[in-house]
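Worksheet: one structure, shown below.
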Amino acid sequence: MGEASLVTMQNGAFELVAPYQLAGDQPKAVAALARGVERGDRAQTLLGVTGSGKSLDGAEPMLVWFDDGGSLTPVRTTIGELVDRAVERRVDALGTSGTELHRPERAVYTLSLNPRTYALEMKPLTWLIRHRAPRSMYRVQTVCGRGVTVTGDHSVYVLRSGRLELLRGSEVRPGDYLPVPRQLAGRSEAVAAGFTASAAARGRSSAPAAWSVGQVALRETLGLGGSTLPPGWERSDEADLAAALERLFERCGKVEERSVGFLLSTSQSAGDVALALLRFGIHAQIARVWLPRLDGAGYRWYWRCGIAGHGDLAAFAAHVESRHVERRELLERVVRASQGHDSDYVPLTPRQLRHVRESVRLRLRDLARAAALTPRALSLIERDERMPTTEQLLRIAGALVRCVRASTVDARRAAGALAAAEHWRGLCRPRWAAVAAVEEIERYDAPYVYDVSVADNETFLAGLGGLIVHNTMAMAAVVAEVQKPTLVLCHNKTLAAQLCAEFKEFFPNNSVEYFVSYFDYYQPEAYIAHTDTYIEKDSSINDEIERLRHSATQALLTRPDTLIVASVSCIYGLGSPADYMELSCRIRIGEEWNRDVLLRKLVDMQYRRNDLNLVRGNFRVRGDTLEFVGVDEDLVHRIEFWGDEISAINVVNQLTGEYVESKDELMIFPAKHFITPEEKMQRAIRSIDEELQERLAWFRSHGKLLEAQRLEMRTNYDLDMLREVGYCNGIENYSRHLTGREAGSTPWCLLDFFPKDWLLFVDESHVTLPQVRGMYGGDRSRKESLVEHGFRLPSALDNRPLFFEEFEQHLNQAVYVSATPGSYELGRATQVVEMIVRPTGLVDPDVEVRPTRNQVDDLMEEIRGRVARDERVLVTTLTKKMAEDLTDFLLEMGFRVRYMHSEIETLERIAILRDLRLGEFDVLVGINLLREGLDLPEVSLVGILDADKEGYLRSATSLIQTIGRAARNVEGKVVMYADVITESMAKAIDETKRRRAMQMAFNQEHGIEPRTVRKQIRDILAQVGAPPEGAAAAVKLDRLPRDVALAMAKDLEQQMKHAAVNLEFEKAAALRDELMELRRQIGGNESLLFQGKAPKIFESSLTELLR
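When we follow this note's numbering, the leftmost residue of the sequence shown carries the number 8, and every step to the right adds one.
Structure follows, in structure tokens:
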């Protein structure tokens, strides 16, 4: 379904925009939950089902060239529009399956890939085809934002392992590459062999003529340009098209540190700009981004058509000039900064280059010299740690040809090397876009799908842009129905980031915020008494997440339509919302404000003055102009004074100097959440000093002089800092005094920023609520040791997360969402609403119980059957040792198997799951990680060994979650190996049978045929930039120089922050885990070297360094 068919639901503040309707039992569940909220029910439980999803589709754009009297004129259309118009006029043939074919009445050409030579050729269309749509389609999405939707049996040429293969649409997978033209032609002379003058006489295109430079300028003057290219842009010559792109860039272009881009309002506009840039050989990347509106009225989704890489940036600067001197200089600076950074890479077969070189006995150093490359660069390419650029591969191919012809190698080997070099040259003719995801769109509801037949090659150019996959629809629908500020509580940061992105899709016009812990790295303060070891607090704060936290609290205090997705960090101390609001400052144009008073006000709010580097949380003064950057954004607010009167408030882009908007009034919030007015600060200092004297007297009376001296020194230093600057490191430990609370009273947290009438969703409540319960205990034990030994005052114990009972008291209304709710959720809920039926028709898997005798032999027979059908298997054991031993045994028996447990690092887990889905191996053995959150549609068998061993791993909840891992495959089956049926097994089996019966009844009633879910495979490791073998791949070295390790840590931290700025939270979380592991190894050894792992890219350099 296209964008025109979006479902919009608006009730008051929240406006829900969804690409599909609620289906199955979802409408009933949403209505029941909404009624419960309106009744005032304090707690409800949404009993969901493991594994469900939805998708959407749109019309595919297409660029064709019409014969126009001796020349070919390009026309941008959609394939449906092109075929529908032709078929409605005349049908030449009608197949028995309802397929309609039409020969074009005039010559129409398309850009076609020659699969033999990789050349892109202009070829005529021979047939226009329309046939009835199947029940499902496949969306192929590339990393650069291009995409196309095809039927499962549509043939697609992809580059896989360095070879061009013709695959069905359903067989394309991440890691494949689709060809993209290097350059598109504009209006050109007809060169096709079959072109005749008589074809030109059959008429011209009815589309309007292209705009000239003068017409484009006139439209710009009259304000008719908009954020898109003018109609008929595809038929403009290069000068006119460059002028149109220049004017569009002036309106909605942006120059960044190493890239430039257009911010466009629709996907069609982004696709058009990408096609227009291809006229100049510029390859653009399309991405959907959530940014401030260009008119300053809030935020919205934009499509960013970005350009990066030195070659593309240089071409852009050469063809698309800027009238503004400042922007032109910025662009030239970006081009210079991008030298050495290219985006035009060619994917080769793994280690193919090395095999060819060694086959002709050519040394690496000699080939590198002949190709004008460094040996290190060629070595990285040979080991598949870096893909060659087009320029590098052409030089390598040319050098290989010269070296082979000059050598005395035998004719057979020489012929093979020359053929490989010619193949590499062919690969350089198009550009290649990596496939990021392939997803099946089930229940495709359009009446027709379309195709064209192309002379000779049967390939054509179509598709650009892409659409998004959605879920969490039920929660969003309830929020839109009840219209209350909402908190969605998750059990980890990555899940919170995913949910936040989806809610932003559902509520594009509302305030959807993200609130998690802002530490990239956190070592809490601690004291280990038996070794007399004090560990000082060490942390690295992620500035971008801190900005998002401030944005969340400010939205709660200023907007009723706020939805916050948070981790359990929301129950930790945050500072008083009353003080936060009291210290905030509202200014208006025309008000009388003494400039120095306002400056002191900013200092009281913990803003820092910096006249040289204006960054977030800083301000500067130049004459009668005050500039500051708020903690929740990156734009500069410029306040201009006329005497003591505020004459203007403007928002300015600091990089470009452009005015974004003007404001009549401005609300300035404090730069920190722990903020205290001056009178409260003085009271707090006296209170801290009084507690200090009491504690010192207690220590001295008990003969603990060392502890007394330690506490006096540390606390007096903090008091001096509070007196002088109003802040100190570890100020949160004095939060009880700063907020004026009594000892043992409830601390302030994010929940206190919500109004009285608000709604809570606890996602995966069976996991999240135990986390909330356990937070206080771990924090308390650590701080008691600090207090006992004089490192902190006893009031530090009041800087804590909420007790679970306090958490409950904060709640107004809550909905617990889980497929396996615990006794707490079920006991508190006034109603349990079931949402069991999957609209996809998939039923829960069949469960069999078999005896444990010979369980491994029986399991191997089941595995062989699944492997023969190219399906995957999960096996759960009770211990790590059992998982490793079973894996070794299955490997000896010839199975492709891996194991996964808690000692496997986060990045390696991602690699393992990705490889399982891609078919790199068939069986995954695990313990407790094969439960919540694993979405593996390829898995059709789950084997549970020793299922009758009662305990946490074999509880009813654990078993139901494990069974759910096979619920996305129509052939799903679960085998429990047990000698007796325990109570937990019986509960899990009965619940699964109940859900199967409900789903099968629904399918029969609505005529639904269950189909296996086809879900996109996200290659997170590729985004992180890990080597092909996975992020955990390591060089086999016994030691690593400390300076190299520190440089690695610095680089990882920069990558992590950059990913967070771009809201790529999955990537940022993965980088954070790798950084924490690296810092742990560095911190544990003060000598030159440390034991550990290093990325493969350092292998050759470290070998020389460590000799």
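Beta carbons are placed, not taken as given, at the ideal position from N, Cα and C, and that holds for glycine.
Practice item. Assuming leucine 496 contacts threonine 775 (C-beta within less than 8 Å), just tell me the rounded distance between them. Key: For the purposes of this step, residue 496 is taken as the residue at position 489 of the sequence shown. For the purposes of this step, residue 775 is taken as the residue at position 768 of the sequence shown. Indeed, because the Cβ distance is near 6 Å, the residues count as touching under 8 Å.
Check your understanding: On the three-state DSSP scale, how would you describe methionine 992?
Key -> On the sequence shown, position 985 is the one that residue 992 refers to. Residue state, collapsed to three classes: helix.
Review point. Using a Cβ-Cβ distance under 8 Å, would arginine 137 count as near chain D?
Key: The structure shown contains no chain D; it is built from a single protein chain.
**Study point:** Local conformation of aspartate 895 per DSSP, three classes
**Key:** Working through the sequence shown from its first residue, we reach residue 895 at position 888. The answer is helix: DSSP assigns aspartate 895 an H, G or I state.
Check your understanding: From what residue to what residue does the beta strand (DSSP E) around lysine 670 run?
Key -> What you label residue 670 is simply residue 663 of the sequence shown in a count that begins at 1. First-last of the beta strand (DSSP E) with lysine 670: 666-670.
Review point. If you draw a straight line from the alpha carbon of alanine 678 to that of methionine 612, how long is it in whole angstroms?
Key: Position 671 of the sequence shown holds residue 678. Position 605 of the sequence shown holds residue 612. Going by C-alpha positions, alanine 678 is about 6 Å away from methionine 612.
Review point. Looking only at C-alpha atoms, which of Glu339, Leu89, Phe902 sits nearest to arginine 113?
Key: The residue you call residue 113 lines up with position 106 of the sequence shown. When each option's Cα is compared against that of arginine 113, the closest is Leu89.
**Study point:** leucine 407 (DSSP reduced to helix, strand or coil)
**Key:** The count along the sequence shown starts at 1 and reaches residue 407 at position 400. The three-state secondary structure of leucine 407, taken from DSSP, is helix.
Check your understanding: How about threonine 52 and valine 839: do their beta carbons lie closer than 8 Å?
Key -> Within the sequence shown, the letter at position 45 stands for residue 52. Within the sequence shown, the letter at position 832 stands for residue 839. Yes; because the gap between Cβ atoms is below 8 Å, this pair is in contact.
Review point. In whole angstroms, what is the alpha-carbon distance linking asparagine 806 and serine 694?
Key: Numbered from its first residue, the sequence shown carries residue 806 at position 799. Numbered from its first residue, the sequence shown carries residue 694 at position 687. One C-alpha to the other measures close to 16 Å.
Check your understanding: What does DSSP give as the partner residues of aspartate 183 in its beta bridges?
Key -> Residue 183 sits at position 176 when you count from the first residue of the sequence shown. By DSSP's assignment, aspartate 183 forms a beta bridge with Pro181.
Review point. Residues bridged to arginine 83 by DSSP?
Key: Translated into the one-based positions of the sequence shown, residue 83 becomes position 76. Partner(s): Leu70.
Point to revise | Residue nearest to valine 486 in terms of C-alpha spacing, selected from Met1005, Ile951, Gln820 | key: Start at 1 with the first residue of the sequence shown, and residue 486 comes out as number 479. Looking at the Cα atoms, Gln820 is the closest of the given residues.
Check your understanding: By DSSP, does alanine 1056 sit in helix, in strand, or in coil?
Key -> Here residue 1056 refers to the residue found at position 1049 of the sequence shown. In the structure shown, alanine 1056 sits in a helix (DSSP, three-state: H, G or I).
Point to revise | Helix, strand or coil at phenylalanine 626 according to DSSP, with G and I counted as helix | key: As a working note, residue 626 is residue 619 in the sequence shown. Reduced to three states, the DSSP call for phenylalanine 626 is strand.
Exercise for review: Quick one: measure Cβ to Cβ for valine 824 and valine 769, integer angstroms, because I've assumed they're closer than 8 Å.
Suggested key: One-based indexing of the sequence shown puts residue 824 at position 817. One-based indexing of the sequence shown puts residue 769 at position 762. The pair is a contact, with the Cβ atoms about 6 Å apart (cut-off 8 Å).
Exercise for review: Count the C-beta pairs between the region 142-151 and the region 121-130 that are closer than 8 Å, then say yes if the count reaches three, no if not.
Suggested key: Under the three-pair Cβ rule at 8 Å, the region 142-151 does not count as touching the region 121-130.
Review point. Roughly how many angstroms separate the alpha carbons of alanine 715 and arginine 743, rounded to a whole number?
Key: Here residue 715 corresponds to residue number 708 of the sequence shown, with the count starting at 1. Here residue 743 corresponds to residue number 736 of the sequence shown, with the count starting at 1. Distance between the alpha carbons of alanine 715 and arginine 743 is about 21 Å.
**Study point:** Own chain partners of valine 82 with C-beta closer than 8 Å, once the 5 adjacent residues on each side are dropped
**Key:** Working through the sequence shown from its first residue, we reach residue 82 at position 75. Setting aside the 5 residues that flank it on each side, valine 82 is surrounded in the same chain by Leu70, Val71, Trp72, Phe73, Ser212, Ala214, Glu241, Arg242, each with a C-beta closer than 8 Å to its C-beta; the list follows chain order.
Practice item. Please report the residue range of the alpha helix (DSSP H) in which arginine 607 lies. Key: Reading the sequence shown from its first residue, position 600 is the one you call residue 607. Its alpha helix (DSSP H) spans residues 602-611.
Exercise for review: Report the residue ranges of all beta strand (DSSP E) runs contained in full by the region 300-373; include only those spanning at least 3 residues, in chain order.
Suggested key: 306-315, all fully within the region 300-373.
Review point. DSSP on arginine 142, reduced to helix/strand/coil?
Key: Taking the first residue of the sequence shown as position 1, residue 142 is located at position 135. Note: arginine 142 maps to coil in three-state DSSP.
Check your understanding: Is it right to say serine 669 is buried, meaning 16 or more other beta carbons lie within 10 angstroms of its own, or is it exposed?
Key -> Residue numbering aside, residue 669 sits at position 662 when the sequence shown is read from its first letter. The residue is exposed, with fewer than 16 neighbouring Cβ atoms inside 10 Å.
Point to revise | Which of helix, strand or coil DSSP assigns to serine 518 | key: For the purposes of this step, residue 518 is taken as the residue at position 511 of the sequence shown. Serine 518 falls in the strand class under three-state DSSP.
Exercise for review: Have a look at proline 181 and leucine 925 and give me their C-alpha separation to the nearest angstrom.
Suggested key: Mapped onto the sequence shown, residue 181 falls at position 174. Mapped onto the sequence shown, residue 925 falls at position 918. Those two C-alpha atoms are separated by around 8 Å.
Check your understanding: My guess is that histidine 1123 and glycine 316 are in contact by the Cβ rule of under 8 Å, so how many angstroms apart are they, rounded?
Key -> No information on residue 1123 is available, as it lies outside the stretch 8 to 1114 that the chain covers here.
**Study point:** Top-ranked residue by Cα proximity to tyrosine 614, from Glu868, Leu407, Cys592
**Key:** Numbered from 1 along the sequence shown, position 607 holds the residue referred to as residue 614. Taking tyrosine 614 as reference, the option from Glu868, Leu407, Cys592 with the minimal CA-CA separation is Cys592.
Review point. Is the distance from the Cβ of leucine 298 to the Cβ of alanine 291 below 8 Å?
Key: Residue 298 sits at position 291 when you count from the first residue of the sequence shown. Residue 291 sits at position 284 when you count from the first residue of the sequence shown. In this structure, the beta-carbon distance from leucine 298 to alanine 291 does not fall below 8 Å.
Practice item. Using alpha carbons as the reference points, say which of Ala444, Arg383, Gly950, Pro354 lies closest to histidine 430. Key: Taking the sequence shown and counting its residues from 1, one reaches residue 430 at position 423. That would be Pro354, whose Cα lies nearest to the Cα of histidine 430.
Check your understanding: Contact between the region 583-601 and the region 506-523: three or more CB pairs below 8 Å?
Key -> No: fewer than three Cβ pairs fall under 8 Å.
Review point. So, using beta-carbon positions, are leucine 271 and valine 262 closer together than 8 Å?
Key: Sequence index remark: in the sequence shown, residue 271 carries index 264 (1-based). Sequence index remark: in the sequence shown, residue 262 carries index 255 (1-based). No; because the gap between Cβ atoms is not below 8 Å, this pair is not in contact.
Check your understanding: Under the rule that 16 or more other beta-carbon atoms within 10 Å means buried, what is phenylalanine 256, buried or exposed?
Key -> Locating residue 256 in the sequence shown gives position 249, counting from the first residue. Phenylalanine 256 is buried by the Cβ-count criterion.
**Study point:** Presumed contact (8 Å Cβ cut-off) between leucine 369 and glutamate 389, rounded CB distance
**Key:** Here residue 369 refers to the residue found at position 362 of the sequence shown. Here residue 389 refers to the residue found at position 382 of the sequence shown. The C-beta distance from leucine 369 to glutamate 389 rounds to 12 Å, too long to fall under 8 Å, and the pair is not in contact.
Review point. Are alanine 573 and valine 523 touching if we call contact CB-CB under 8 Å?
Key: Against the sequence shown, residue 573 aligns to sequence position 566. Against the sequence shown, residue 523 aligns to sequence position 516. Contact flag set, yes.
Check your understanding: How should tryptophan 439 be labelled, buried or exposed, when 16 other C-beta atoms within 10 angstroms of its C-beta is the threshold for buried?
Key -> By 1-based counting over the sequence shown, the position of residue 439 is 432. Tryptophan 439 comes out buried.
Check your understanding: Are the region 995-1012 and the region 878-889 touching by the rule of at least three beta carbon pairs closer than 8 Å?
Key -> Proximity of the region 995-1012 to the region 878-889 falls short of the contact definition, fewer than three beta-carbon pairs being nearer than 8 Å.
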